[in-house]
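Notes follow once the structure below has been shown.
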Amino acid sequence: MKSYAALIILATFFSTYKAFAKPSLLENVKNNPSEALSMCKRFRSLNSEGISIGSKEAIKEISLTKNLSETDAEILSIYVIGIHCPDVK
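Numbering (this note's numbering), first residue to last: 752 to 840.
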């Protein structure tokens, strides 16, 4: 059931991506999978500390690290998790 919910979220995300997100927001991780895998490693580390990637704390870290708004950081994290590390929570 969680996989189904994740697919719905991703489908919604991709259908609205062009309307709301910066066109270049996902290009870096699309063109550089090693960056996405590095993010997955950090996400797993946060999970091991009991921190959910959807938490304010994690989103804030991503936004500061990548110099993004918190909204864009959340979009980026959803994309990376959905494509590269679906085991991350």
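Every residue, glycine too, gets a C-beta built ideally from N, C-alpha and C.
When the options are compared against residue i, the one with the closest alpha-carbon
i, options, result
"residue 784", "839, 834 and 838", "834"
Classification of residue i by the beta-carbon crowding that lies within 10 angstroms, buried from 16 upward
i, result
"residue 815", "exposed"
"residue 838", "exposed"
"residue 827", "buried"
"residue 776", "buried"
Opening and closing residue of the alpha helix (DSSP H) in which residue i lies
i, result
"residue 836", "Segment: none, residue 836 is in no alpha helix (DSSP H) and carries neither H nor E."
"residue 820", "First-last for residue 820: undefined, no H or E at that position."
"residue 782", "778–782"
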